[in-house]
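Colleague: For reference, the structure I am asking about is given below.
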Amino acid sequence: MHSHINKFMETARKELKNEQSQMFLMMVALGAPILRQIGMSSFPDITAAESYSRAIRADAIARLPELLEEFEKNAESKGAKVLWAKDAAEANKIILDIANCGGVSYVMKGKSMITEEIGLNDHLIKNGVEVFETDLGEVITQNLNLHPFHLVGPAINVPPGEISEVFLKKGIIKKASTDPVELGSGARRYLRDKFRNLQMGIVGVNMAVAETGTIINVENEGNIRLIKSSPKTLVAIMSLEKVVPTIKDAIYMTRMLTRNCTGQKITSYMTMDTGPKKPEEQDGPEELFIIILDNGRSEIYRDFKTREILKCIRCGACLNTCPVYTKIGGYPYGATYCGPVGQVLTPMLAGIESTADLYRACTLCGMCKQICPAGIDHPSLLLSYRARQIDIKNQKGKKTMQSRRENAMAGLISLGMSHGWLWNFGLKITRPLMNSLAKDGYIASIPMGAQGWFGCRDLRAIPAKTFHETWNDLPSLPESSGNTSKKEDS
Amino acid sequence: MPAKEEILGRLKSATKRQNIDRPAKPTLSEITLNRQQMIRRLESELSMRAGVLYQARDKEDALRILLDIITAEGLKSFVASSEKIHGVDIASFGSQKGLSVTIPKDLANRDSLRDAAFAADAGITSADFAVAETGTIGIIFNHNHPRLLSIAPPLHIAIMSVKDLYPVYENVMEIVFKNTKEIPSQFSFITGPSATSDIQGTEFKGMHGPKKVFVIMIMDG
């Protein structure tokens, strides 16, 4: 799955006209925040609960290196093998080596964003290991070769007809159907034998507990539990920020994660693995590999400002409340992570230069920040990216054209605003100039920029007089309103 | 440089921020529930998630309930975590009623366990805990209790004692993770059956795990 971050505008325009997407986005925008609110209302004090979960994440990130070392030590003392990977290539190589070492012909995967980020499926398939996604949404996105539409329901928007077609083609179902239950049951039947014979499974990690070396997964479908039970070899891959200090922190964060994610007070399954199976146990992995992946995050950590991105627990609440995401859906973001979380994370992973559309597609309304159970200030991060982009120097070390133009504009406005006569004078000459561009009372574009603004709206022609001028021209009013009402009374 | 040293080196070289002062942990309303309230809460939360709670007066009552479930669901073959679960004699009950009951201890290896678990109509297991907060049961997986029994068969029947009912997760975590040397290789909280809403937001049960979950709570424990 290749990223196409550079097609943000194009894809967004297409999605705005896609009725299927629009219907689901409306459902998400209306329904998800209500479900979340119902879930949160079980806390006696919602604000206190949010402050506490934010403090857990802040604490975990403040002590990240120590907690990772503690986690590694404890996980290894329980028999897990902890491996570190600098980047996608290293992580992919480690996993392929484990698969080759075990001589497996296929692996099954639990829902995991991190394996999507590193392109694990492509790497394994290219090297002769078949990969079966098992989360129903990911079975669909894998077979249709789609990016996730939503962090939590990656294929929630795909019409059943399309699913039926591809399921038939791949032999997942025998008879066409547009019934979601039929399609789901088909996937269950198709994957069951594969679970039964599975030799190696791969899962992500929702939380890694430093004090015990435990990895935690939350899920509703049961695919992750099957993957953690049936095969002899289990690989759990986590990005390095997944660590939390204590097992009680993990439980508290899970309360917040599931409520913010689906509105559920708890998912069907919350599974805590500490080391591989013990020798006398009859199932569970004989070997448990835990891969701690960096992939750019230690760089993100070095910067005080961007460090807070790492607090994210991938609940997806920011998507459901974002006025941009709930209009355009997940595809325009062009990468693994969509919505506000993608807007703050992807530019750091893929580079500020190539991702301007992501951090500019924001109204700075602040809903994501307000709702975030991890305490991330998305708007301020996006503003800092915008500032960084303007400061990027070109190859000769000179400021870019855009940078110089914005500087000049800001200088001009500052000059005008600090001299009243200059401001008024400026308006006097600008108004007729602007109005000379008007057609039928509207200005549709101006030379020299602002195409973005005019791209989707027109400006009404500017009245000949300013408000002040109009005010001064009014016939003088009676002394005070008190007098007026007395007159009316009498 | 090896990956670990490089990554940790970069993290450690970053400017430290002073440690975070956490606010006091907010209290949960559930911790004040008495036993009756816990039972009611367990039942209502579980039924909201399409799970069913039965209260059995004693072991004999538990067998009657089990028979009711088996008859209603038309079940013929089981995997059970042990012959006796909380004193309920599943093995002799099975042979009395002519049902096939497989006990993992009798199985030769991992593969035969997988065969049995994926082929059975239902898994009958013990539950080590229940949490009133969300209608959840907790299971410690170990040599007496394989993992697949409660996730591979299409139906899960859990037998537990009312003594093991607690208000919130933390009560259970304190017990399970108390001794760092004896942490189970796997511990699971299970709340109702397996479910998904991944197609069109249409929810249905039994995506990969059980379609139905029954909890039999023995009250004389």
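So the protein lines, in turn, are chains Z and U. By our numbering, the letter at position 196 of the first sequence is numbered 368, and the numbering carries on one by one without gaps. By our numbering, the letter at position 75 of the second sequence is numbered 78, and the numbering carries on one by one without gaps. Idealized CB from N, CA, C, for every residue including glycine.
Starting from the C-beta of Z/Ile-500, find all residues in its chain whose C-beta is less than 7 Å away, skip the five residues before and the five after it, and write them out in chain order.
Modeller: Result list for Z/Ile-500: Ala-184, Glu-187 and Leu-188, in chain order.
Colleague: If we call anything under 8 Å between Cβ atoms a contact, is Z/Ile-505 one with Z/Leu-517?
Modeller: It is Tyr, not Ile, that sits at residue 505 of chain Z in the sequence shown. Contact flag unset, no.
Colleague: Do you know offhand how far Z/Asp-661's Cα is from Z/Pro-650's?
Modeller: Residue placement at Z/Asp-661 is flagged as unreliable, the pLDDT there being 46, under the threshold of 50; a coordinate-derived value is accordingly withheld.
Colleague: How many Å lie between Z/Thr-638 and Z/Arg-632 at the Cα?
Modeller: So the alpha carbons of these two residues sit roughly 14 Å apart.
Colleague: Answer yes or no: do Z/Asn-467 and Z/Asp-259 have a C-beta to C-beta separation smaller than 8 Å?
Modeller: Yes, the pair counts as a contact, with Cβ atoms nearer than the cut-off.
Colleague: State the beta-bridge partners of Z/Met-280 as determined by DSSP.
Modeller: The partner list for Z/Met-280 (beta bridge, DSSP) reads Z/Phe-304 and Z/Gly-373.
Colleague: From the DSSP output, in three-state form, read off Z/Ser-657 for me.
Modeller: Low per-residue confidence applies at Z/Ser-657: pLDDT is 47, beneath 50, and the placement is therefore not dependable, though the value from the model is reported in the following sentence. Three-state result, Z/Ser-657: helix.
Colleague: Using only CA atoms, which one of U/Gln-21, U/Leu-14, U/Gln-58 and U/Asp-114 lies nearest to Z/Pro-403?
Modeller: Closest option to Z/Pro-403, Cα to Cα, is U/Asp-114.
Colleague: Could you name the residues of chain U that Z/Ile-335 contacts, counting a contact when the two beta carbons are closer than 8 Å?
Modeller: The contacting residues are Ile-202.
Colleague: To be precise: take each residue of the segment 78-97 of chain U, compare its Cβ to all Cβ atoms of chain Z, and keep it if any distance is under 8 Å. Which residues remain?
Modeller: Answer in chain order: no residues at all.
Colleague: Taking three-plus beta-carbon pairs below 8 Å as touching, is the segment 479-498 of chain Z in contact with the segment 161-176 of chain U?
Modeller: No, the segment 479-498 of chain Z does not touch the segment 161-176 of chain U.
Colleague: Out of curiosity, what's the CA-to-CA distance linking Z/Pro-512 and Z/His-550?
Modeller: Roughly 7 Å separates the two Cα atoms.
Colleague: Grouping DSSP H, G and I as helix and E and B as strand, with all else coil, what is U/Asp-223?
Modeller: Coil at U/Asp-223, not helix or strand.
Colleague: Count the other CB atoms, across all protein chains shown, that sit within 10 Å of the CB of U/Asp-61; report buried if there are 16 or more and exposed otherwise.
Modeller: Answer is exposed; the Cβ neighbour count stays below 16.
Colleague: Mind checking Z/Pro-216: buried by the 16 CB within 10 Å criterion, or exposed?
Modeller: It counts as exposed.
Colleague: Between Z/Ile-396, Z/Gly-376, Z/Val-311 and Z/Gln-542, which has its C-alpha nearest Z/Tyr-362's C-alpha?
Modeller: Among Z/Ile-396, Z/Gly-376, Z/Val-311 and Z/Gln-542, the Cα nearest to that of Z/Tyr-362 belongs to Z/Val-311.
Colleague: Can you name, in chain order, every residue of its own chain whose Cβ lies under 8 Å from the Cβ of Z/Thr-535, other than the five neighbours on each side?
Modeller: So the qualifying residues of the chain are Pro-495 and Val-496.
Colleague: At what residue ranges does the segment 65-129 of chain U contain a whole run of the alpha helix (DSSP H), taking only runs of 4 or more?
Modeller: Correct list: 93-100 and 113-122.
Colleague: Classify U/Arg-150 as helix, strand or coil using the three-state DSSP reduction.
Modeller: Coil, per DSSP.
Colleague: Counting contacts by CB-CB distance shorter than 8 Å, is U/Glu-9 in contact with chain Z?
Modeller: Closer than 8 Å to some Cβ of chain Z, the Cβ of U/Glu-9 qualifies, so yes.
Colleague: Checking contacts by CB at 8 Å: is U/Ile-160 closer than that to chain Z?
Modeller: So no, U/Ile-160 is outside the interface.
Colleague: Taking only three categories from DSSP, how would you classify Z/Ala-636?
Modeller: In this structure, Z/Ala-636 counts as coil in the three-state DSSP scheme.
Colleague: Is the beta carbon of Z/Trp-256 less than 8 Å from the beta carbon of Z/Ile-464?
Modeller: Closer than 8 Å, so yes.
Colleague: Tell me which residues of the segment 402-423 of chain Z have at least one Cβ-Cβ distance to chain U shorter than 8 Å, keeping chain order.
Modeller: Cβ contacts with chain U: Ser-402, Lys-404, Leu-412, Ile-419, Lys-420 and Ile-423.
Colleague: Distance cutoff 8 Å, beta carbons only. Does U/Tyr-169 sit that close to anything in chain Z?
Modeller: Cβ-Cβ to chain Z under 8 Å: no for U/Tyr-169.
Colleague: Using 8 Å as the cut-off, can you tell me whether the segment 123-143 of chain U makes contact with the segment 36-53 of chain U, which would need three or more C-beta pairs spanning the two stretches below that distance?
Modeller: The segment 123-143 of chain U is in contact with the segment 36-53 of chain U.
Colleague: Looking at the strands, I want to know which residues DSSP matches up with Z/Thr-443.
Modeller: Partner(s): Z/Asn-389 and U/Ser-191.
Colleague: Just grab the DSSP bridge partners of Z/Ala-616 for me.
Modeller: Bridge partners of Z/Ala-616: none, in fact.
Colleague: Can you tell which of Z/Ile-345, Z/Arg-208, Z/Glu-305 and Z/Lys-341 has its C-alpha closest to the C-alpha of Z/Ala-670?
Modeller: The structure shown has nothing for residue 670 of chain Z, since chain Z only spans 173 to 662.
Colleague: Taking the beta carbon of Z/Gly-376 as the centre, do at least 16 other beta carbons fall within 10 Å, making it buried, or is it exposed?
Modeller: Z/Gly-376 should be labelled buried.
Colleague: Could you have a look at U/Val-55 and say whether DSSP puts it in helix, strand or coil?
Modeller: Correct three-state label for U/Val-55: strand.
Colleague: Put Z/Thr-508 into one of helix, strand or coil per three-state DSSP.
Modeller: Looking at Z/Thr-508 - three-state DSSP - the assignment turns out to be coil, as it is neither helix nor strand.
Colleague: Unbroken beta strand (DSSP E) runs of length 3 or more, entirely within the segment 219-269 of chain Z: which are they?
Modeller: As far as the segment 219-269 of chain Z is concerned, its whole beta strand (DSSP E) runs of at least 3 residues are 253-257.
Colleague: In chain U, which residues lie less than 7 Å from Z/Leu-395 when you measure between Cβ atoms?
Modeller: Correcting the residue identity first, residue 395 of chain Z is Asn in this sequence and not Leu. By Cβ distance, chain U contributes His-211.
Colleague: Given this structure, state the Cα-to-Cα distance separating Z/Phe-243 from U/Ile-186, to the nearest angstrom.
Modeller: Each residue's alpha carbon lies about 15 Å from the other.
Colleague: Candidates Z/Met-379, Z/Asn-579 and Z/Glu-452: which alpha carbon is nearest Z/Ala-232's?
Modeller: Nearest option by C-alpha distance: Z/Met-379.
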